[in-house]
Amino acid sequence: MDEPRQPNDVIRFLDGTWTTKDITVVAGSKVTFADYIEEIKIKDHETISITAFAYDNGKDKNRNMTIALDGEVVLRQGTFSARGSKKGNCITLSGKEGNKTYNFRMYLMDDKFIFQRDVLEDDMVVEAQMSYLIRKLRS
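Here you go:
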């Protein structure tokens, strides 16, 4: 019987409870700010379960995300996927959905995690998001 694969280093890093500060800028809209707690749990060697507590009008938001490291980095959430690379503690990814391109940068920095996402339409940035997470507790 095969032994289960061990979680990759990105999945292991993300495992835990985080204090999240988020800013989102959308063309033609107000800038939004959010502060909430996120719990990230390992589901398997390349999948995490993320719960953002009191995120959406006081309701929790749950989602699964896969981050595979097989030469390149592949991030999947639902039907969406982005591909890229990991160099040191920096991950860069890009994916398309419909007429939009999503560019991601993730920085894994000891007890801090920075997640940036830019959404482009016709080569113009129409949304920019940055989340700054500080580790509260390692699982």
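Heads up, the sequence shown stops at 145 in my numbering, and the numbers go up one at a time, no gaps. Where is the CB? At the ideal position from N, CA and C, for every residue including glycine.
Sheet register partners of residue i (DSSP bridge)
i    : result
I17  : None, per the DSSP bridge assignment.
T85  : DSSP, once it has assigned bridges, lists no residue as partnering T85.
G90  : V79, L99
Q122 : R111, M136
Beta-carbon proximity list for residue i, same chain, < 6 Å, skipping 5 on both sides
i    : result
R144 : G22
E133 : V32, V125
D128 : none
I29  : F39, M136
V131 : D124
K27  : D41, Y138
Cut-off 8 Å between Cβ atoms - residues of its own chain near residue i, not counting five sequence neighbours on either side
i    : result
M115 : N95
I17  : I48, H51, E52, T53, I54, I73
Y61  : A40, Y42, K67
Exposed unless 16 or more other CB atoms sit within 10 angstroms - verdict on residue i
i    : result
V32  : exposed
A58  : buried
F86  : exposed
V79  : buried
E103 : exposed
I140 : exposed
Residue i, enclosing beta strand (DSSP E) - first and last residue
i    : result
G22  : 22 to 32
R111 : 106 to 115
Close-in-space but distant-in-sequence residues of the same chain around residue i (CB under 7 Å, 5 per side omitted)
i   : result
R11 : H51
A88 : L81, L99, S100, G101, Y108, F110
**Asked** Of all the beta strand (DSSP E) runs that stay within the bounds of the stretch 34 to 59, which reach a length of 3 or more residues?
**Response** 38 to 50
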